[in-house]
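When we follow this note's numbering, the leftmost residue of the sequence shown carries the number 1, and every step to the right adds one. For each residue, glycine too, the CB sits at the ideal point set by N, CA and C.
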Amino acid sequence: MNPETEKLMQQLDQQYEGAAMKPLYTATVTVTPGQAGHARMSGHAHSSDGLLDLDLAFPTELGGHGKGTNPEQLFAAGYAACFHGALALVARKAGVDASKAKVTCAVTIGRDPADGGYMLAAQMVIDIPDTERKKAEQIVAQAHQLCPYSKAIRGNINVRMTVV
């Protein structure tokens with residue numbers, strides 16, 4: 001690990017105690033509708049820094065043309081990346097090398113039987129090579145407690161964690 005990355009990992013690993021959230025970074029993304037006049041069906045998303053710039057579309061499974069990404073893919077990517085970061089911090093503390101760990105997140109949208117609306121579910125599949133299964137499961141459980149995405153959806157979205 002290069003010295004700058006090592007320094008950043010140490011900073012992220014430091015405990016914080018305060019009365020309110022200490023902001024570290026804010027991402028800003030604007031979404032506009034496309035031809036359908038509905039951003040979820042056909043729209044565009046771009047971030048304030050210009051690094052995210054992509055078309056949105058319904059997937060073919062929902063009757064769309066599939067020529068763009070969708071909110072479920074974006075959520076899955078964000079959750080998997082964030083979880084991998086939490087996993088790396090927890091593994092480091094436990095003396096486990098997670099540099100080759102792989103996190104796969106599947107996000108499903110479906111109908112909510114409680115109100116007839118829509119709801120999400122997520123499945124995380126985590127592979128930490130060369131790590132004893134019990135140790136890997138402990139690291140994953142701790143990362144699930146630390147990860148901001150996991151915290152944000154806890155009690156609202158069914159999340160299944162699988163260690164392979």
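Here the segment 95-107 makes contact with the segment 78-86; the two share three or more CB pairs at distances below 8 Å. A direct Cα-Cα distance of roughly 17 Å separates Leu24 from Leu89.
Around the beta carbon of Tyr118, fewer than 16 other beta carbons lie within 10 angstroms, which makes this residue exposed.
In this structure, the CA atom of Val163 is about 8 Å from the CA atom of Met124. Counting other Cβ atoms within 10 Å of its Cβ, Gly95 stays below 16 and is therefore classed as exposed. The Cβ atoms of Asp127 and Asp97 do not sit closer than 9 Å to each other.
At the C-beta level, His65 and Leu54 stay beyond 9 Å of one another.
For Arg40, the CB contacts under 8 Å within the same chain, skipping 5 residues up- and downstream, are Leu56, Phe58, Asn70, Pro71 in chain order. Comparing alpha carbon positions, the residue from Gln142, Val29, Ala121 closest to Gly43 is Val29. Listed in chain order, the beta strand (DSSP E) runs fully inside the segment 81-161 are 102-111, 118-127, counting runs of at least 3 residues. Met161 is the residue among Asp49, Met161, Lys7, Ser150 whose C-alpha sits nearest the C-alpha of Ala136.
The beta-carbon separation of Ala152 and Leu87, rounded to 17 Å, does not stay under the 8 Å limit for a contact.
With respect to the C-alpha of Ala27, the residue from Asn156, Leu52, Gly116 having the closest C-alpha is Leu52.
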